[in-house]
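Residue numbers (my numbering): 379 to 612. Notes follow once the structure below has been shown.
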């Protein structure tokens with residue numbers, strides 16, 4: 379006879395052994411693919427909640443690259459909210475790639491930048507500097523433009539193009555869209571498709587300090603339905 383405690387300990391030991399084997403396999407594959415791509419890389423395996431670990435390590439890097447959450451493959455170890463959590467806590471720009479479909483290589487030749495004259499958009503414009511400097515084409519989208527606001531603040535139409543020119547970004551093509559009936563998130567995705575953009579750059583949309591609302595609306599739509607890689611700045 380076996381006690382329930384003994385069986386539980388045996389199951390746990392087997393489970394931990396499996397995890398250890400998988401970690402070694404993942405590490406070896408990662409280093410092998412990095413070497414084949416001639417990319418200098420290192421592999422770390424810290425302990426702790428995955429969202430916190432990723433956020434902490436990202437803070438000493440220029441950018442964090444993550445895959446869009448695949449709900450079908452989410453587990454207790456990789457929760458569906460992991461991308462949301464890291465974007466809002468890392469303090470670094472996060473490039474999220476779609477989990478479905480093929481990604482055009484290389485990315486960043488034609489960038490769609492979402493511009494609403496806000497603080498987060500301004501930060502995204504600076505965070506994306508290496509990408510925008512290397513881009514061949516830059517399309518700047520303002521959803522639901524408010525010309526009366528720009529007039530009242532004496533904002534000149536050439537302000538953003540002048541900023542781009544000073545930093546060796548491509549000359550921006552300015553476009554507008556109306557979100558009525560489709561929402562801001564879908565307006566952004568539709569514009570990216572219409573102009574053939576292979577990357578989107580944007581500040582994280584938020585309208586509340588409550589975390590469940592921060593990733594609501596526009597940002598939630600983009601994270602769930604993205605068709606091209608998106609660089610989020612927050």
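Ideal Cβ placement from N, Cα and C applies to all residues, glycine included.
What is the C-beta distance between residue 502 and residue 581, in whole angstroms, given that I count them as a contact (C-beta under 8 Å)? 4 Å
Backbone secondary structure at residue 587 - three-state DSSP: Confidence is the limiting factor: at residue 587 the pLDDT is only 41, short of 50, which leaves the residue's position unreliable, though a coordinate-based value still follows. Three-state result, residue 587: coil.
What are the residues that DSSP puts in a beta bridge with residue 475? 445
With a cut-off of 8 Å, do at least 3 Cβ pairs link the segment 430 to 450 to the segment 464 to 473? yes
Three-state secondary structure assigned by DSSP to residue 548: coil
Considering residue 461, what are the terminal residues of the beta strand (DSSP E) in which it resides? Run containing residue 461: none in the beta strand (DSSP E); it sits in the alpha helix (DSSP H), 460 to 467.
If you draw a straight line from the alpha carbon of residue 604 to that of residue 567, how long is it in whole angstroms? 7 Å
Specify, as a first and last residue, the run of the alpha helix (DSSP H) that residue 511 falls within. 507 to 512
Would you tell me roughly how many angstroms separate the C-alpha atoms of residue 562 and residue 542, rounded to the nearest one? 24 Å
In three-state terms, what does DSSP make of residue 605? coil
Spatial neighbours of residue 545 within its chain, please: C-beta separation below 8 Å, excluding the five flanking residues on both sides. 507, 510, 511
With 16 as the cutoff for other CB atoms within 10 Å, does residue 411 come out buried or exposed? exposed
In chain order, what residues of the same chain have a beta carbon less than 7 Å from the beta carbon of residue 420, not counting five sequence neighbours either side? none
Can you tell me whether DSSP reads residue 554 as helix, strand or coil? strand
Extent of the continuous alpha helix (DSSP H) run through residue 563: 562 to 573
With DSSP as the reference, identify every bridge partner of residue 421, one or two as the case may be. None, per the DSSP bridge assignment.
Thinking just about the alpha-carbon of each residue, which of 611, 400, 602 is nearest to the one in residue 477? 602
Which residue's Cα is closest to the Cα of residue 494: 480, 484, 515, 527? 527
Coarse secondary structure for residue 593, derived from DSSP in three states: Unreliable positioning characterises residue 593 in this predicted model, as indicated by a pLDDT of 49, which lies under 50. A coordinate reading is not provided.
Using the Cα positions of residue 483 and residue 402, report the straight-line distance between them to the nearest angstrom. 29 Å
Could you give the C-beta distance for residue 554 and residue 520, rounded to a whole number, given that I count them as a contact under 8 Å? 5 Å
Using the three-state DSSP reduction, which class does residue 490 fall into: helix, strand or coil? strand
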